[in-house]
Amino acid sequence: MSGGQASGAPPGDTRGDGAEVLDIPDAEAHGVFRPMPRTGVIYVMTEAAKRGFHYGHPDWANLGQGAPETGPIAGSPERIHHIEVDPSANEYGPVQGLADVREAVAELYNARYRVGMASKFTARNVALSAGGRLALTRIAATLGSINLGHFLPDYTAYEELLDLFRAFVPLPILLDGERGFDLPPDHLRREIVGKGLSALLISNPCNPTGHVIRGGALRAWVDICRQTGCVLIVDEFYAHYLYGGTARQDGPSHSAMRYVDDVNRDPVVIVDGLTKNWRYPGWRLAWTVGPEWIIERITSAGSFIDGGPPHPVQRAALPLITREHADAEARAIQGVFDDKRRLVMERLRGMGIGLDAEPQGAFYCFANLENLPGPLRDGMTFFRKALEKQVVVVPGQFFDVNPGKRRDHIPSRLRRYVRVSFGPSRDQVELGLDRLDALIRES
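55 is the number of the first residue of the sequence shown in my numbering; add one for each residue after it.
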């Protein structure tokens, strides 16, 4: 689940890690407001905006983009271009979301992952929210005094989310590029037991590496969490973005819910929505699916955090949340984005940029810069040099999720990486790659 738009806030000072903080000296001196860093992608886009970038600018190539192209693509269903608002939609909707929309989400998961299984999802297993970050915020707000495991690298916005709510302790689990950013099930069990974890948060497919936990490995993860009582919280915002053998074997979509035995007892919670998998990021509509008792608590959190998702958007989304539409969209995504994925991998390798693992999901390459000339081996330097060529990428250190900056004394393990997105249209991707190639040749 990654993305975001460039902030319109005035630029402020930057910390040592590059995260921008608004400059409000009087309020800070009195302790009224604490400094708030911008998430990695927002910082990146703000820096680009200072140099003249804006969305749709013909002279810029945004390979830092955390959103997919939103127009028609080969094989995709017809896109929605307008929303009619029924007068009743001007009223508040339920905090948990409209019942028929929640039922549609439940039926989609049943049709995709629960065929032939006795335990099925209902509307009571679903909560709707205004975007994935908000869904994760509701979950975080309901967690008690526990140890929560998170992974390195992973989605940049997790950092402040895991630091905001102080009831739980976030503990990092390192994934090595040398192992393709994979964590075998036996290692997972050791992490859970050794660190006393009561919950795990992970993106799958992963942003930024594109690694996918699937098949027997994902089944083992669900089994281990069931056996240990550790709640598995999975950000599945890239579940339609599957490539190669993963796409052929797992069908048009992928979810941990395929391996749940009892939907109301197994400790598995997933978050998904229209942002990536349906390519409607501006709609800001997401859902959380899990056991009824967890959904009840998430809904209670929503009653004081946000009050529920926009009523008209929920109603307009109903035609999108059918098996036929969702599967057609997924197949279209896999064809078009796999073509861009292959292009980016080939071109990056031709520039001398390494890939510790080929992305099997999402729409990013986590590019290893260690073989480039001198200063370009540093992700932040590479990012700034790329801006001079009017290209946007995201430094790898932003994915070194570090709640509370407890590891400030340790240089980031990910400082020699950048994330390169193939979310934009192919012509934008080609333009960006041409300019990165020129940057490296000139160095």
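Just so you know, even glycine gets a beta-carbon here, dropped at the ideal spot from N, CA and C. These numbers come from a predicted model, not from an experiment.
query: Local conformation of GLY415 per DSSP, three classes; result: strand
query: Residue range of the unbroken beta strand (DSSP E) whose run includes PHE175; result: PHE175 -> no beta strand (DSSP E), and no H or E assigned at all.
query: Span separating the alpha-carbon of SER130 from that of TRP332; result: 10 Å
query: VAL343 (DSSP reduced to helix, strand or coil); result: strand
query: Segment contact flag, the stretch 119-133 with the stretch 382-397, C-beta cutoff 8 Å, min 3 pairs; result: yes
query: Length-filtered (4 minimum) alpha helix (DSSP H) runs lying within the stretch 153-213; result: 153-167, 186-196
query: Test item: CB-CB of ILE359 and VAL343 under 8 Å; result: no
query: According to DSSP, residues forming a beta bridge with ARG473; result: PHE420, VAL448
query: Contact belief for ILE349 with THR196 at Cβ below 8 Å, rounded distance in angstroms; result: ILE349 to THR196, Cβ: 10 Å. No contact.
query: Cβ distance (whole Å) where PRO207 is taken to contact ASP454 below 8 Å; result: 6 Å
query: Cβ contact (3+ pairs, closer than 8 Å) linking the stretch 474-490 and the stretch 284-295; result: no
query: Among ASP320, LEU487, LYS104, nearest to ASN179 - alpha-carbon criterion; result: ASP320
query: Residues that ALA253 bridges to, as DSSP identifies them; result: LEU202, VAL285
query: Residues near PRO122 in its chain [Cβ-Cβ closer than 7 Å; skip 5 each side]; result: LYS330, ARG333, PHE417, GLY477
query: Alpha carbon of VAL446 to alpha carbon of ASP488, nearest angstrom; result: 13 Å
query: For THR300 and ARG156, the rounded distance between their alpha carbons; result: 28 Å
query: Assigned exposure category for GLN119 - 16 Cβ within 10 Å defines buried; result: buried
query: beta-carbon LEU423 near the ligand GDP non-hydrogen atom, thresh 7 Å; result: With respect to the ligand GDP, the structure offers nothing, as it holds no ligand at all.
query: Bridge partner(s) assigned by DSSP for ILE137; result: In DSSP, ILE137 forms no bridge with anything.
query: Cβ pair GLY106, VAL266 closer than 8 Å; result: no
query: From THR282, LEU225, MET405, ALA172, residue whose alpha carbon lies closest to that of LYS459; result: LEU225
query: For THR282 and ILE246, believed in contact at Cβ under 8 Å, the rounded distance; result: 5 Å
query: Endpoints, the alpha helix (DSSP H) within which PRO465 is located; result: Careful: PRO465 lies outside any alpha helix (DSSP H) and carries neither H nor E.
query: CB of PRO465 within 8 Å of CB of LEU182, strictly; result: no
query: Beta-carbon gap between ARG495 and LEU152 smaller than 8 Å; result: no
query: Environment of GLN303 [buried if 16+ CB atoms lie within 10 Å]; result: exposed
query: At least three beta-carbon pairs within less than 8 Å, the stretch 189-204 to the stretch 249-267; result: yes
query: Beta-carbon proximity check, ARG467 vs ARG166, cutoff 8 Å; result: no
query: Cβ-Cβ separation, ARG220 to ALA355 (assumed contact under 8 Å), whole Å; result: Not quite, the Cβ-Cβ distance comes to about 15 Å (not below 8 Å), so this is no contact.
query: From LEU190, GLU161, VAL169, PRO335, residue whose alpha carbon lies closest to that of THR176; result: GLU161
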